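Only one structure is covered here, and it is reproduced in the block below.
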Amino acid sequence: LVFTHPLAPEAGEDPDVAVLREAWEETGLHELTLVGLLGERVFDASPLGRDELNFRRFYHLMCAGDPPDVWRHFERDPSDGSTVPIPFDFFWARLPHEVPPLVADHDACIPQLLTALETGVSS
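Just so you know, we're using the working numbering here: the sequence shown kicks off at 1315 and counts up by one.
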């Protein structure tokens, strides 16, 4: 499952807590558990027209139960302060060949995810 959120974590929030909260809020999936941190990266956003560096953490989460193959979920409490729910469209992609192109280096830790899935070990 792939999605991004540039406004997380909230001030003072531990990143390991933030990833689960954000994933629950954006996906509507409440059966998610944190497996581990896959890696950290710094992304230079200047090619996207933004004069900023993004510090990113990539996590491995597991979903228990039987989630839908495709769904839309609305975040009802956007962290940007707006009152309009934010729609997110989700789908599952088989690794590694069915993952669509991801923007802005968001696929940086797919090799680490593949290794974690093969070995059963995340950082």
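Where a beta carbon is used, it is the ideal one built from N, C-alpha and C, also for glycine.
Here the structure is a predicted model, which is why all the values come from computation and not from measurement.
(message) Can you list, in chain order, the residues of its chain with a C-beta nearer than 6 Å to that of Val1356? Leave out the 5 residues immediately preceding and following it.
(response) Within the sequence shown, residue 1356 is the residue found at index 42, counting from 1. So the list reads Leu1367, Phe1369, once near-sequence residues are dropped.
(request) Please name the residue or residues paired with Thr1347 in a DSSP beta bridge. (result) Your numbering for residue 1347 matches position 33 in the sequence shown. BP columns for Thr1347 point to Met1376.
(request) Check Val1331 in the structure and name its three-state DSSP category. (result) Residue mapping note: residue 1331 aligns to position 17 of the sequence shown, counting from 1. Three-state result, Val1331: helix.
(request) Decide if Leu1427 is buried, meaning its Cβ has at least 16 other Cβ atoms within 10 Å, or exposed. (result) On the sequence shown, residue 1427 is found 113 positions in, with the first residue counted as 1. Under this definition Leu1427 is a buried residue.
(message) Quick check: the Cα distance between Val1384 and His1344, rounded to an integer number of angstroms?
(response) Within the sequence shown, the letter at position 70 stands for residue 1384. Within the sequence shown, the letter at position 30 stands for residue 1344. Rounded to whole angstroms, Val1384 to His1344 spans 16 Å at the Cα level.
(request) Classify Glu1354 as buried or exposed, calling it buried when 16 or more other Cβ atoms lie within 10 Å of its own Cβ. (result) Indexing the sequence shown from 1 puts residue 1354 at position 40. With fewer than 16 other Cβ atoms within 10 Å, it is exposed.
(message) Can you check which of these residues, Ser1393, Phe1372, Asp1403, is closest to Pro1382 by C-alpha distance?
(response) Locating residue 1382 in the sequence shown gives position 68, counting from the first residue. With distances taken between Cα atoms, Pro1382 lies closest to Asp1403.
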